[in-house]
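Notes follow once the structure below has been shown.
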Amino acid sequence: MVSAPASTLVRKPRNATWAQATGLPLAGLTAYQAIVHTLKLTEGETVLIHGASGGVGSLAAQIAVKNGARAIGSGSTANHSYLRSIAVEPVLYGDHLVRDVRAIIPEGVDAILDCAGRGVLALNPQLRRAGYRSCSIADSAAGATTVFARMNQAYLLRLVELVETGSLTVEVSATYSLEDAAIAQLALRDGGKKPGKIVLDVD
Ligand SMILES: NC(=O)c1ccc[n+]([C@@H]2O[C@H](COP(=O)([O-])OP(=O)(O)OC[C@H]3O[C@@H](n4cnc5c(N)ncnc54)[C@H](OP(=O)(O)O)[C@@H]3O)[C@@H](O)[C@H]2O)c1
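When you line the sequence shown up against the working numbering, it's residues 674 to 876, in that order.
Set out below in structure tokens:
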């Protein structure tokens with residue numbers, strides 16, 4: 674039994690598994706706050722999401738697309754088919770990222786969301802369009818606005834609605850038992866994981 678303030682609770686989306694529902698609050702609130710509240714991404718704009726195949730990035734990309742934006746997202750090559758399946762135009766992170774993004778959109782993007790850290794925002798100057806803004810969830814030293822997940826029941830209710838109307842799906846990368854939490858941590862650290870969230874099953 675766990676007690677919590679009622680203002681922090683919402684019901685589980687009817688069409689989500691428990692593993693998917695578990696993956697929604699932290700990652701979803703972070704993604705929603707970044708895309709809607711901080712970047713204020715609007716219809717017709719283009720966003721580049723570094724780490725779009727990850728737990729937060731995959732939700733941010735879907736929220737951006739739902740809001741009528743065009744999403745370009747980085748991820749490893751193995752996760753590009755997943756990115757296409759959520760209407761994201763994939764690019765590989767690393768040396769050729771700037772070249773590949775400019776090949777897709779030579780005039781640059783309206784916004785960049787950093788869900789990867791590792792100094793990726795340093796690439797920004799070559800990708801900016803007038804009115805450009807950026808934020809990071811992973812790198813407070815990046816010189817951009819840093820977004821931290823905050824409980825917001827209205828946003829959480831909106832996330833539930835997006836899941837129930839089929840606009841948002843929590844991709845579960847893998848599920849581990851609590852006893853295997855250390856193995857889960859290694860999977861996060863070493864990379865090469867399938868897209869989406871790693872979930873711990875506390876049983
Ligand atoms: N501010 C907050 O409130 C908040 C909330 C949640 C998470 N976070 C932080 O945000 C970050 C992302 O969390 P997450 O759960 O989405 O992590 P995640 O699921 O592990 O996703 C990481 C993403 O980064 C990509 N990536 C891996 N190596 C890269 C590289 N060398 N260059 C560029 N991208 C690379 C991954 O691509 P592939 O998997 O395709 O290789 C994946 O898309 C973490 O640092 C986490 O601690 C912050």
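No residue lacks a Cβ here, since even glycine has one placed at the ideal position from N, Cα and C.
Could you tell me which of 822, 724, 688, 860 sits nearest to residue 755, measuring between CA atoms?
As a first step, residue 755 is located in the sequence shown; it is residue number 82 there, counting from the start. The shortest Cα separation from residue 755 among 822, 724, 688, 860 belongs to 724.
By DSSP, does residue 769 sit in helix, in strand, or in coil?
Within the sequence shown, numbered from 1, the residue matching residue 769 stands at position 96. In this structure, residue 769 counts as coil in the three-state DSSP scheme.
Out of curiosity, what's the CA-to-CA distance linking residue 686 and residue 838?
Here residue 686 refers to the residue found at position 13 of the sequence shown. Here residue 838 refers to the residue found at position 165 of the sequence shown. Using only the alpha carbons, I get a separation of about 10 Å.
Can you give the beta carbon distance from residue 794 to residue 807, rounded, assuming they're within the 8 Å contact cut?
Position 121 of the sequence shown, counted from the start, is the residue given in the question as residue 794. Position 134 of the sequence shown, counted from the start, is the residue given in the question as residue 807. Right, their Cβ atoms sit about 6 Å apart.
Sort 748, 683, 690 by Cα distance to residue 867 and report the nearest one.
Reading the sequence shown from its first residue, position 194 is the one you call residue 867. The residue with the shortest Cα to Cα distance from residue 867 is 748.
Need the endpoints of the beta strand (DSSP E) that residue 783 sits in, please.
Numbered from its first residue, the sequence shown carries residue 783 at position 110. Taken as a continuous stretch (DSSP letters only), the beta strand (DSSP E) holding residue 783 covers 782 to 787.
Along the chain, where does the alpha helix (DSSP H) containing residue 753 start, and where does it finish?
The sequence position of residue 753 within the sequence shown is 80, counting from 1. Start and end: 753 to 758.
From the DSSP output, in three-state form, read off residue 872 for me.
As a working note, residue 872 is residue 199 in the sequence shown. Looking at residue 872 - three-state DSSP - the assignment turns out to be strand.
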